[in-house]
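Going by UniProt numbering, the sequence shown opens with residue 1, and the numbers climb by one from there.
One structure is given below, encoded as structure tokens.
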Amino acid sequence: MNRIYDSGIKFPDRIMALITGDVKEINEQFKERVKEIGIYHLLAVSGSHIAAIVFLIYQPLKRLNLPLFVIKGITIIVLALFAQYTNYAPSAVRAIIMTTLVLLITNQIKIKGIQLLAFAFIIMFILNPLVVYDIGFQFSFIISFFIMLLFPFLQQLSKLQSLFIITFIAQLASFIVAIPNFHQLQWVGFLSNLIFVPYYSIILFPLSILFFITSHFIVD
């Protein structure tokens, strides 16, 4: 983590927030701007973070023709290390628990995403009941819940239509957390999310991960 701060790059605190979901180092003025335009949930580690990490691990190992259980084992270990790196951010732990369950469950067992979400909730609540008061936890679970609830419908749509609907769902779901915590209702967030979610998913987050990896090799 210190390597990123020592690299001299502008706004290392924001890069760390994108990677780990930790917003403690970000100044309040920037956080208020993010809240005002309705994209604060992007600073929480989500399934897209974990999916990107799994892809970066799974695909190269698969090309080495390693046994599947070895690939899954290595992937789970790396995810556990990433959870520690994020200081066990609730949104990261949620996504990692769900991914780990997917890797461990055999193809013979049919389980729905919303059931995995419920398992993750139960596990996290047992380990730390106070986690339900964490804003990142609330954003992560509520948005994931509504997306998974409508997943069968989303599968029938084109990628562009799915992106539009998911953005709309995420925005409406985020109101449930944003209104009581931030006392704001920003309809501009829908337009902001249409712009920032693809930009974040396709450009910003992959570049942040790439910089994070390379910084461990280019910084003395």
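Don't be surprised by glycine CBs; every beta carbon is placed ideally from N, CA and C.
So residue i and residue j are in contact, right, with Cβ under 8 Å, and what is the actual spacing, rounded?
| i | j | result |
| --- | --- | --- |
| Leu145 | Ile114 | Note that residue 145 corresponds to Phe in the displayed sequence, not to Leu. 7 Å between Cβ atoms; contact. |
| Ser208 | Ile19 | 5 Å |
| Ile169 | Leu150 | 6 Å |
| Gln53 | Leu81 | Checking the displayed sequence, the identity of residue 53 turns out to be Ile instead of Gln. No, Ile53 and Leu81 are not in contact; Cβ-Cβ is about 10 Å, not under 8 Å. |
| Ala83 | Val93 | 6 Å |
Out of the options, state which residue places its alpha-carbon closest to the alpha-carbon of residue i.
| i | options | result |
| --- | --- | --- |
| Phe119 | Phe141, His49, Arg33 and Ala83 | Phe141 |
| Asn27 | Ile37, Gly38, Arg14 and Glu36 | Arg14 |
| Glu36 | Ile147, Ala178 and Met148 | Ala178 |
| Thr167 | Leu104, Tyr199, Leu68 and Gln29 | Tyr199 |
| Leu101 | Ala83, Phe125, Phe82 and Ile76 | Ile76 |
| Leu127 | Gln108, Leu149, Tyr88 and Gln156 | Tyr88 |
| Ile55 | Phe164, Pro67, Phe30 and Thr99 | The identity of residue 55 in the sequence shown is Phe, whereas the question assumes Ile. Comparing Cα positions, the closest option is Thr99. |
| Ile195 | Phe164, Met16, Phe211 and Tyr133 | Phe164 |
| Asp134 | Leu116, Pro67 and Asn181 | Asn181 |
| Leu160 | Ala51, Val197, Ile122 and Ile50 | Val197 |
| Thr86 | Gln59, Ser46 and Gln29 | Ser46 |
| Ile203 | His49, Phe30, Glu32 and Gln29 | His49 |
Ordered along the chain, which non-local residues of its own chain (more than five positions away) have a Cβ less than 6 Å from that of residue i?
| i | result |
| --- | --- |
| Ser162 | Leu154 |
| Val131 | Pro90, Met124 and Phe137 |
| Phe211 | none |
Excluding sequence positions up to five away, which residues of its chain have a Cβ less than 7 Å from the Cβ of residue i?
| i | result |
| --- | --- |
| Gln171 | Gly38, Gly189, Phe190 and Asn193 |
| Lys72 | Leu103 |
| Ala17 | Val23, Ile26 and Leu43 |
inquiry  = At 3 residues or longer, what runs of the beta strand (DSSP E) sit wholly inside the segment 16–87?
reply    = Taking only runs of at least 3 residues, no beta strand (DSSP E) segment lies wholly in the segment 16–87.
ask   = Mind pulling the alpha helix (DSSP H) runs of 4 or more residues that sit fully within the segment 100–160?
value = For the segment 100–160, whole alpha helix (DSSP H) runs of length 4 or above, ordered along the chain, are 113–127, 135–149 and 151–154.
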